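**Student:** Protein chains in written order, with our numbering: chain D, 1 to 475; chain L, 1001 to 1475. For glycine and all other residues, C-beta sits at the position ideal for the given N, C-alpha and C. It should be emphasised that the depicted structure is a prediction, and the values quoted were computed from it without experimental measurement. Starting off with a structure, shown below.
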């Protein structure tokens, strides 16, 4: 339990709206999104201004309190969940939810860290623009959390991760100083770019309090295509073809195996197969138009598909004929995680390798795991265009799940990450490290990488008050 | 003078091709590109492999030797020039000049740090691709130097600075470890992105030894336009219009005042005015085609210019009718620095502010300086589309130049940087800090920024052996 004087100082800084030690109020924020980690917190701190955040951090430094920054609590690796000691404090950014400016000329949006992604989308749309990053948790994920986890999603292929969309930011550093890099400078060579460390920093070297975000022109039209393919390799060749000829009109390229499609059709009501032919693998593509001078995406897609079929790059394909049908295609993709969950227990790995190597990874590693661990089934799906897939390994039927997770499950996860490392890849493509992956990261991180991370963490947060236990495996 | 045992160890590691203490050999590398700083070096170290670089750094750590990494020695801020003590060693990366792979599918080029930019351009072109970053020193600038200074140039508007073009890199850190991030992962959320620190790090926390660089499709055609405008503000409105309607077909947008054009016409032989009308300001635009599906850039430019004239966004314009004429337009832009040098002594400031504020900056600050320092003349030219201009202030005629540089000149530079700071801008948009700007950076850098830089420098290089005295103003 933290020092009572510290809590009393925090209460007086934040007032009744910003401070609570009522465990009923705190309770909903103690468990991570996936429900795997539950912690405890002595208080929930909800500052309304950057100055309040700075004041909180100074109190934390004085009393050596651990702060756990939290946005929408929708992270995938328990990076915003406190530990079980009861000594930590949740620093919730949700009250700082103002969108302060939208510049019509440049499309830049200035906002506070607690703005929810969906509200950002709506504000951009009202200004005739689009914020092109989206993901399942958009109704709760906040700008600060998206920045701190360098979030991805299904539009990364064209628009990049959060890193590419942050034009400026403000953060409170662990010494209580305010780092103001809000001016949206396109060029700035004044040394190491601290902004780049805070992006993806998981709140371990500072708390993002504000940001300036780049938007893109609003969509005029889109065209969603579903294609049946024979293999990940064929899907990759299709991707290369579509990128070469469709250029940045191709906004998303996702793959899934027949097994995942079956799970969705079985477990998610109202879904139906886009094609009446069967295929080992499927690709979902979205082509867009955001410039009146461009051809319609439907025309573009039609031409490209004709050529792709002639080049033997796919087996069959269909173009969504309406927005309803387009949404239905995307719903299949977006429901895979839910459907797989309904289909049974599985290990989930969010991994990346170089884009050119991903097809080989899937084709070599999936049968190997299924052979080494009889009864398991692999399901690899997701962002082929980014070299990033979600690699699930389903438990054998009838097995004791808890025992399997602790035994074979653990061994399989280690094996998957070993293989990812052999491909030069990453054991966390878009979810981050948080608490969930810290042990495997410690085991597999190259010594030079881990020692650099530790050096940075210690340089910024020598007292260890900012989200300790997350991201950086300490020596 | 360094320890003789250290030099002997280095000689035996590097052999006669890689080690020289012959001052005739060393001499050409002791003075910076602009000729403002001359240092001394006990030896010139020219490793041929990453392992040799690592061995050098380990010797340097053991004997506390200062290493000054150097590529083409074409930097603008003396960041690769040793100090005058004679204790420092130049670590030249020029022998590591192999282009090791070009991937036809992904367009990724793998190479060593000493590859010269022009050779990279040619290798990309031979593979039917284009490396889109270019600058005046391309015949000598190396990949490692371009990365370490996060180089810019005239194509940044569309393709970004070096930061956006680095898909992977390898570096030797100050403890002699090799940081291998060569796998070109599009997504990788394993904590603070060290790659981002090395980009623009000026060799102060590590030496870049290899890189994987992104290329873009080769150009099919281009169209260069010269426009006369009334003011920077009108040029900015023209920029917004061209970006809105030309999208990423607009690859460059540069501005210059009549004064700069006059200097070029006077001092650079073979140049002639693109327009037969006179204008207070000029804008140079390049539109490109790199996709067969796109309209020709000439057609595009013609339509856009018609609409821009109708909207009163420019006074007059001409389209280059041949590649020869296009080159002649660009030659005017590229000769400004040389012409201004010939026209007389001037202070040079490479500055940025938010793009939307640059016109106001020029229009407000230029007359203010000319009024406060009678006889001076300002010349602001360059990358309006990036919010980055080169802001020159010419000395009054007939003044004693050395005395002026030390007196009014110094005061003017401080004033310019003060004003840049008031606009939230950067005193180094693309050249870096090096030695030239370190004092002004120390004076003007926000405390949180400077203390973060120092913390990072000390965390990586506690012995202070990597390019000491550059980039980071130590407390």
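#1: On the CB-based measure, 16 or more other CB atoms within 10 Å of its CB, does residue 1395(L) come out buried or exposed?
#2: When the cut-off is 8 Å and only beta carbons count, does residue 1240(L) lie next to chain D?
#3: According to DSSP, is residue 1032(L) part of a helix, a strand, or is it coil?
#4: At the 8 Å Cβ level, is residue 1438(L) part of the contact set with chain D, yes or no?
#5: At 4 residues or longer, what runs of the alpha helix (DSSP H) sit wholly inside the region 334-415 of chain D?
#6: Less than 8 Å between the beta carbons of residue 1092(L) and residue 1116(L), yes or no?
#7: Quick check on the DSSP output: the beta strand (DSSP E) that includes residue 315(D) runs from which residue to which?
#8: In chain order, which alpha helix (DSSP H) runs of at least 4 residues are fully inside the region 421-459 of chain D?
#9: Around the Cβ of residue 1008(L), are there at least 16 other Cβ atoms within 10 angstroms (buried) or fewer (exposed)?
#10: Do we get a CB-CB distance below 8 Å when we pair residue 456(D) with the residues of chain L?
#11: Starting from residue 1322(L) and walking both ways along the beta strand (DSSP E), at which residues does that stretch end?
#12: Verify whether the separation of the beta carbon atoms of residue 448(D) and residue 1179(L) is less than 8 Å.
#13: Which residues in chain D have a C-beta closer than 8 Å to the C-beta of residue 1031(L)? List them in chain order.
#14: So residue 179(D) contacts chain L; which residues on that side make the cut at Cβ distance below 9 Å?
#15: Taking all protein chains shown into account, do 16 or more other C-beta atoms lie within 10 angstroms of the C-beta of residue 1130(L), making it buried, or fewer, making it exposed?
#16: Spatial neighbours of residue 231(D) within its chain, please: CB distance less than 8 Å, with the 5 preceding and 5 following residues excluded, ordered by chain position.
#17: Just verifying my parser: in three-state terms, what is the DSSP assignment at residue 1294(L)?
#18: Less than 8 Å separating the beta-carbons of residue 1153(L) and residue 1133(L)?
#19: Against chain L, which members of the region 192-208 of chain D pass a CB distance test of less than 7 Å?
#20: Does the pairing of the region 1247-1267 of chain L with the region 1364-1384 of chain L give three or more beta-carbon distances under 8 Å?
#21: What does DSSP give as the partner residue(s) for residue 210(D) in the beta ladder?
#22: Provide the residue span of the beta strand (DSSP E) that contains residue 1055(L), from first to last.
#23: Pull up the DSSP beta-bridge partners for residue 1253(L), would you.
#24: Applying the 10 Å Cβ sphere with the 16-neighbour rule, what's the burial state of residue 82(D)?
#25: Between the region 1325-1342 of chain L and the region 1269-1277 of chain L, do at least 3 Cβ pairs fall closer than 8 Å?
#26: Please say whether residue 1340(L) and residue 1375(L) have beta carbons closer to each other than 8 Å?
#27: Residue 472(D) touches chain L at which residues, Cβ-Cβ below 9 Å?
#28: Mapping the DSSP letters down to three states, classify residue 1276(L) as helix, strand or coil.
#29: Taking residue 1435(L) as the reference, give the member of 1349(L), 1469(L), 1143(L), 1452(L) with the closest Cα.
#30: Would you identify the three-state DSSP class for residue 1227(L), choosing helix, strand or coil?
#31: Run the CB neighbour count on residue 65(D), radius 10 Å, all protein chains shown included, and call it buried at 16 or more, exposed below.
#32: Mind checking the region 1354-1381 of chain L against chain D and listing, in chain order, the residues whose C-beta falls within less than 7 Å of any C-beta there?
#33: How is the alpha helix (DSSP H) around residue 156(D) delimited, first residue to last?
#34: Below 9 Å between beta carbons is the criterion; list the residues of the region 1093-1107 of chain L that meet it against any residue of chain D, in chain order.
#35: Nearest-angstrom Cα distance between residue 400(D) and residue 407(D)?
#36: Which residues of the region 419-435 of chain D have a Cβ closer than 9 Å to any Cβ of chain L? Give them in chain order.
**Tutor:** Taking the definition as stated:
#1: The sequence position of residue 1395(L) within the second chain is 395, counting from 1. Answer is buried; the Cβ neighbour count reaches 16.
#2: Translated into positions along the second chain, residue 1240(L) becomes position 240. For residue 1240(L), the answer is yes, since a Cβ of chain D falls inside 8 Å of its Cβ.
#3: Mapped onto the second chain, residue 1032(L) falls at position 32. Coil, per DSSP.
#4: Numbered from its first residue, the second chain carries residue 1438(L) at position 438. It does not; no Cβ of chain D falls within 8 Å.
#5: Residue ranges of uninterrupted alpha helix (DSSP H) with 4 or more members, entirely inside the region 334-415 of chain D and ordered along the chain, are 336-343, 355-372, 401-404.
#6: As a working mapping, residue 1092(L) is identified with position 92 in the second chain. As a working mapping, residue 1116(L) is identified with position 116 in the second chain. Not a contact, by the Cβ cut-off of 8 Å.
#7: In the first chain, the residue the question calls residue 315(D) occupies position 315. Run containing residue 315(D): none; DSSP gives neither H nor E here.
#8: Restricted to the region 421-459 of chain D, the alpha helix (DSSP H) segments that are unbroken, complete and at least 4 residues in length are 438-444, listed in chain order.
#9: The sequence position of residue 1008(L) within the second chain is 8, counting from 1. Looking at its Cβ environment, which holds fewer than 16 other Cβ atoms inside 10 Å, residue 1008(L) is exposed.
#10: Position 456 of the first chain holds residue 456(D). It does: the Cβ of residue 456(D) has a partner Cβ on chain L nearer than 8 Å.
#11: Counting from one through the second chain, the residue named residue 1322(L) turns up at place 322. Counted as a single uninterrupted DSSP element, the stretch harbouring residue 1322(L) is not any beta strand (DSSP E), since DSSP gives it neither H nor E.
#12: For this step, residue 448(D) is matched to residue 448 along the first chain. For this step, residue 1179(L) is matched to residue 179 along the second chain. Contact: yes.
#13: Translated into positions along the second chain, residue 1031(L) becomes position 31. Within chain D, no residue comes near residue 1031(L); the closest Cβ sits about 22 Å away, beyond 8 Å.
#14: Numbered from 1 along the first chain, position 179 holds the residue referred to as residue 179(D). Within chain L, 1446, 1448, 1449, 1452 have C-beta atoms less than 9 Å from the C-beta of residue 179(D), given in sequence order.
#15: Here residue 1130(L) refers to the residue found at position 130 of the second chain. Taking all protein chains shown into account, residue 1130(L) has 16 or more neighbouring C-beta atoms within 10 Å of its C-beta and is therefore buried.
#16: Position 231 of the first chain, counting from 1, holds the residue named residue 231(D). Around residue 231(D), the same chain offers 280, 281, 359, 363 as residues with beta carbons nearer than 8 Å, after the five sequence neighbours per side are excluded.
#17: Within the second chain, the letter at position 294 stands for residue 1294(L). Correct three-state label for residue 1294(L): coil.
#18: Indexing the second chain from 1 puts residue 1153(L) at position 153. Indexing the second chain from 1 puts residue 1133(L) at position 133. The criterion of a C-beta distance shorter than 8 Å is satisfied by residue 1153(L) and residue 1133(L).
#19: Taking 7 Å as the cut-off between beta carbons, the residues of the region 192-208 of chain D near chain L are 192, 193, 194, 196, 197, 200, 201, in sequence order.
#20: The answer is yes - the region 1364-1384 of chain L touches the region 1247-1267 of chain L, with three or more Cβ pairs under 8 Å.
#21: Along the first chain, one-based indexing puts residue 210(D) at 210. Paired residues: 112(D), 170(D).
#22: The count along the second chain starts at 1 and reaches residue 1055(L) at position 55. Looking at the DSSP string, residue 1055(L) is not in any beta strand (DSSP E); the run it does join, the alpha helix (DSSP H), is 1050-1063.
#23: The residue labelled residue 1253(L) in the question sits at position 253 within the second chain. DSSP lists 1285(L) as partners of residue 1253(L).
#24: The residue given as residue 82(D) occupies position 82 in the first chain. When all chains shown are included, residue 82(D) counts as buried.
#25: Touching, yes.
#26: As a working note, residue 1375(L) is residue 375 in the second chain. As a working note, residue 1340(L) is residue 340 in the second chain. Not closer than 8 Å, so no.
#27: Taking the first residue of the first chain as 1, we reach residue 472(D) at position 472. The contacting residues are 1191, 1192.
#28: In the second chain, residue 1276(L) corresponds to position 276, counting from 1. If DSSP states are grouped into helix, strand and coil, residue 1276(L) belongs with coil.
#29: On the second chain, residue 1435(L) is found 435 positions in, with the first residue counted as 1. For residue 1435(L), the nearest C-alpha among the options comes from 1469(L).
#30: As a position in the second chain, residue 1227(L) is number 227, starting the count at 1. Strand, per DSSP.
#31: Taking the first residue of the first chain as position 1, residue 65(D) is located at position 65. Of the residues assessed, residue 65(D) falls on the buried side of the cut-off, its CB having 16 or more other CB atoms within 10 angstroms.
#32: Cβ contacts with chain D: 1354, 1355, 1356.
#33: Translated into the one-based positions of the first chain, residue 156(D) becomes position 156. Residue 156(D) -> alpha helix (DSSP H) spans 156-159.
#34: For chain D, the residues of the region 1093-1107 of chain L that bring a beta carbon within less than 9 Å of one of its beta carbons are 1103, 1105, 1106, in chain order.
#35: On the first chain, residue 400(D) is found 400 positions in, with the first residue counted as 1. On the first chain, residue 407(D) is found 407 positions in, with the first residue counted as 1. Approximately 10 Å, taken between the alpha carbons.
#36: Taking 9 Å as the Cβ-Cβ cut-off against chain L, the residues of the region 419-435 of chain D that qualify are 423, 424, 425, 426, 427, 428, 429, 430, 431, 432, 433.
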